[in-house]
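Our numbering applies: residue 1 is where the sequence shown begins, and numbers increase by one. First comes the structure, then the notes that go with it.
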Amino acid sequence: MEFLVIVIVVLLCFLFLIWKGLKQLKKDANSFEIFIGTTYVLSLCLFALAMLTHSNPYYKAIDPVDNECYSPFSIDHSITLIFYFLAFNFSLLLVWVKSKKLPPLALVISLVFILVGIIFNSVILYQISEHDTSGLSYNNHRTEQVLFMFAPLIGMLIGSCLMVQTLRQEAKETLDRNYKNKYLNFLNTFLASRSKSPIWILLFLFPVFLIVTIVLILFGQDVDSVVKIFTDTTTWKLSQQIHPPILDHKGHYLCTVAATGNPEVVKPIRVGQRNGLPIIVNRQLQIANAFEELLQEYSPRLHQVIRSLYDKYGYNLSRKINTPSLSNLTYYFMKPLEWLFLIMLYLFCNKPEQRINSQYAV
């Protein structure tokens, strides 16, 4: 409870600082604008939080028990993504704060990057719309997709609103201008009447995009990095790569106890095999594995629940059992459960010792 209170207090302080910072940037901004800006910053934090557990490239073998997953973006083409992310958000801030004071060329370039950012955000939403984790041995509960969703969605809405507002403002100012030359006046009116259409910004989109691509190539990016950002990934909607097999984590952490404990205490029996690899086996490990096998036969659903909890906590525990004294302590700690498992085997198994001795057979 105390931890939750601390988190809430820190979050409120963070939001307050963002609110004050945005208010300082644009003193005449109304409360609704500041609220939207603060919400957007918060959504970017949620996006970054989701990326903490989704940061692996498609070619890396991962262990899902460690809460690892694959990134929806290509690590090798991240420079391109970072550039357009920064250009989009800087342009949003620039147009929001100084749209009326921006020089014409700076305004056009900012609007171009906002348009590119809107396109990027729409592709990101499409990319995260599907996350196939079936090959990672756990179910996708869409939690990470929700965390990813807010930032691109809010970014698109803000970018669209700023573009429409800026184009209308520019159209109004253009219409208010009058030229003595009738041809200039006709051209001014013609452009003003059509300046609400984004088609005019598209004319500037391609040269800017071309120049940026050439610069990014100088930094080691590919010509088609914009595409590979999304396709050189795995498990996501636009992914075209296959990830390697996941790292094995489904052995008992008691394997560690048998291997690293004092032989007089943990009493190793022989060398066995698990997934083709040699492991040291003791009777405690055999009994535990025999009981798991029995449980899987009688109640597969209950076994799956217990197995998932065991993978999550037992695996992390095994990484901390790295000395003989800790192995010995774990062995004694597991003794009551070992006796319970043995009783259950003798109650429900016709040949309990045969089942026990068959575990991890070479």
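Glycine included, C-beta positions come from ideal geometry on N, C-alpha and C.
- One alpha carbon belongs to Leu42, the other to Leu15, and they sit about 8 angstroms apart.
- For Gly272, the pairing in a beta bridge is given by DSSP as Ile279.
- Residue pairing by DSSP places Tyr332 opposite no residue, since no beta bridge is assigned to it.
- Residue burial annotation: Val146 is exposed, with fewer than 16 other C-beta atoms found within 10 angstroms of its C-beta.
- Secondary structure at Ser91: helix, using DSSP grouped into helix, strand and coil.
- The beta carbon of Thr166 sits closer than 8 angstroms to those of Val95, Ser99, Leu107 and Leu111, all from its chain and outside the five residues before and after it, given in chain order.
- Annotation: Asn56 is outside any alpha helix (DSSP H); the continuous beta strand (DSSP E) that includes it extends over His54 to Asn56.
- Under the DSSP definition of a beta bridge, His131 partners with Trp236.
- Considering only Asn89, Ile356, Glu68 and Leu153, the residue with the shortest C-alpha distance to Ile269 is Ile356.
- Distance from the CA of Leu203 to the CA of Pro152, rounded to the nearest whole angstrom, comes to 25 angstroms.
- Distance from Thr234 to Tyr58 at the Cβ level is roughly 4 angstroms; contact confirmed, criterion being Cβ atoms closer than 8 angstroms.
- Distance from Leu115 to Met163 at the Cβ level is roughly 7 angstroms; contact confirmed, criterion being Cβ atoms closer than 8 angstroms.
- With 16 or more other CB atoms across the displayed protein chains lying within 10 angstroms of its CB, Val281 is buried.
- Counted as a single uninterrupted DSSP element, the alpha helix (DSSP H) harbouring Thr231 occupies residues Ser225 to Thr231.
- Going by DSSP, Gln354 is part of the alpha helix (DSSP H) stretching over Pro352 to Asn357.
- In the same chain as Ile62, and ignoring 5 residues on each side of it, the C-beta atoms closer than 8 angstroms to its own belong to Asn56, Glu68, Cys69, Tyr70, Leu136, His243, Ile246 and Leu247, in chain order.
- Straight-line measurement puts the Cα of Ser134 at about 39 angstroms from the Cα of Lys267.
- Taking C-beta atoms as the reference points, Val226 and Thr80 count as a pair closer than 8 angstroms.
- When beta bridges are read from the DSSP output, Cys69 appears opposite His54.
- Assignment of Ser110 by DSSP, reduced to helix, strand and coil, places it in the helix class.
- Straight across, the Cα-Cα distance linking Ala48 with His54 is about 10 angstroms.
- Taking the Cα positions, Pro72 is about 14 angstroms away from Ile82.
- Shown here, Thr323 sits in coil according to DSSP, grouped into three states, outside any helix or strand.
- Between His131 and Lys237, the alpha-carbon positions lie close to 6 angstroms from each other.
- Bounds of the alpha helix (DSSP H) holding Pro263 are Pro263 to Val266.
- When the beta-carbon positions are compared, Ile214 and His77 stay at least 8 angstroms from each other.
- Tyr310 is the residue among Val123, Ile34, Tyr310 and Gly155 whose C-alpha sits nearest the C-alpha of Ala288.
- Its chain contains Phe113 and Gly117 as the residues whose beta carbon lies nearer than 6 angstroms to that of Phe88, once the 5 sequence neighbours on both sides are disregarded; these appear in chain order.
- Residues of the same chain with a CB within less than 8 angstroms of the CB of His303, apart from the 5 flanking positions on each side, are Glu292, Leu295 and Gln296 in chain order.
- Between Ile34 and Trp19, the C-beta gap is smaller than 8 angstroms, which places the two residues in contact.
- Distance from the CA atom of Leu285 to the CA atom of Lys351, rounded to whole angstroms, is 18 angstroms.
- When DSSP states are grouped into helix, strand and coil, Lys98 belongs to the helix group.
- Shown here for Ser239: same chain residues with a beta carbon closer than 6 angstroms to its own, the five before and five after excluded, namely Thr233 in chain order.
- The C-alpha of Ser74 is placed about 13 angstroms away from the C-alpha of Ile128.
- Looking from the CA of Lys60, the closest CA among Pro300, Pro207, Ser358 and Gln241 belongs to Gln241.
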